[in-house]
Every structure is written in C-alpha cells, then in structure tokens.
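*Asks:*
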Amino acid sequence: MTLFDLEDDNPIGESPDSDSDHSKPGFVDRAIDRICKRIPGMDKGSLHSLHGGYDGITPDQRAIMGQAGPEGFYLTCGFSGTGYKIAPAVGACMAELIVDG
145 MTLFDLEDDN
155 PIGESPDSDS
165 DHSKPGFVDR
175 AIDRICKRIP
185 GMDKGSLHSL
195 HGGYDGITPD
205 QRAIMGQAGP
215 EGFYLTCGFS
225 GTGYKIAPAV
235 GACMAELIVD
245 G
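Reading the sequence shown from the start, the letters are residues 145 to 245 in the working numbering.
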C-alpha cells in the first residue's frame with residue numbers, strides 16, 4: 145500500500161462553504177499519470193480508494209500557535225502539510241510555552 149497526498153490548483157482563501165469537497169474533473173487521471181512517471185512499477189498497481197478534504201492552512205499561510213479561549217487551552221493548527229514535517233519542533237515549542245509561559 146502506498147499513500148499519496150497531491151493537490152491541484154489549491155485555492156487559498158476559498159470559503160469553507162464552497163463546493164470543493166471533491167476533486168476537479170481530470171485531477172485523478174493526471175495524478176495517476178504523474179505518480180506512474182515518477183515511481184517505477186506504480187503503473188502495475190491499482191487504485192484502492194480516494195479521500196478529499198480541506199487543506200488545514202490559514203488564509204495568510206501562517207500557523208496559529210498559542211493560548212486561545214479559556215485558561216489552559218492552547219492551539220497549534222493551520223500548518224498545512226508542513227505541520228507533519230516539523231511536529232517535533234512544534235511540540236517542543238508548545239511544551240515550553242505551556243510550562244514556562
């Protein structure tokens with residue numbers, strides 16, 4: 145099993161109420177073509193399932209980190225895919241903020 149995360153014309157600032165909970169026509173075929181060109185042997189595989197969703201990024205592309213709302217409640221969100229890559233550093237920063245202020 146191989147998991148891919150791809151985007152097509154990422155509309156930053158688009159309303160969450162817009163009709164973007166599905167891929168645009170032709171996107172899946174273009175994505176499969178790109179994957180098969182880049183990774184040897186993928187053309188022998190098959191597509192199991194698809195999942196679409198909103199990208200977790202803020203309109204200004206700057207993550208939210210800090211205390212929010214009631215005392216003791218902290219947020220760390222809005223990183224898009226970068227949050228996954230830098231999670232250890234973000235966790236250390238948030239731990240320091242919570243413990244030391």
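All C-beta atoms, glycine included, are put in the ideal place defined by N, C-alpha and C.
Alpha helix (DSSP H) containing Met238: first to last residue?
*Replies:* Where Met238 is concerned, the enclosing alpha helix (DSSP H) stretches over Ala231 to Asp244.
*Asks:* Looking at Ala233: is its Cβ nearer than 8 Å to the Cβ of Phe223?
*Replies:* No, Cβ-Cβ distance for Ala233 and Phe223 is not below 8 Å.
*Asks:* Measure the Cβ-Cβ separation of Ile265 and Leu191 and say whether it is below 8 Å.
*Replies:* Not covered by the structure: residue 265. The range shown for the chain is 145 to 245.
*Asks:* Please check the pair Thr202 and Met209, which I expect to be a contact at CB under 8 Å, by giving their CB distance rounded to whole angstroms.
*Replies:* Their Cβ separation, rounded to whole angstroms, is 11 Å, which puts Thr202 and Met209 out of contact at 8 Å.
*Asks:* Let me make sure I understand the geometry here. Which of Thr226, Lys181 and Lys188 has the alpha-carbon closest to that of Gln205?
*Replies:* The option with the nearest alpha carbon to Gln205 is Thr226.
*Asks:* Cα-Cα, which of Asp173, His195, Leu194 and Gly200 is closest to Asp187?
*Replies:* The option with the nearest alpha carbon to Asp187 is Asp173.
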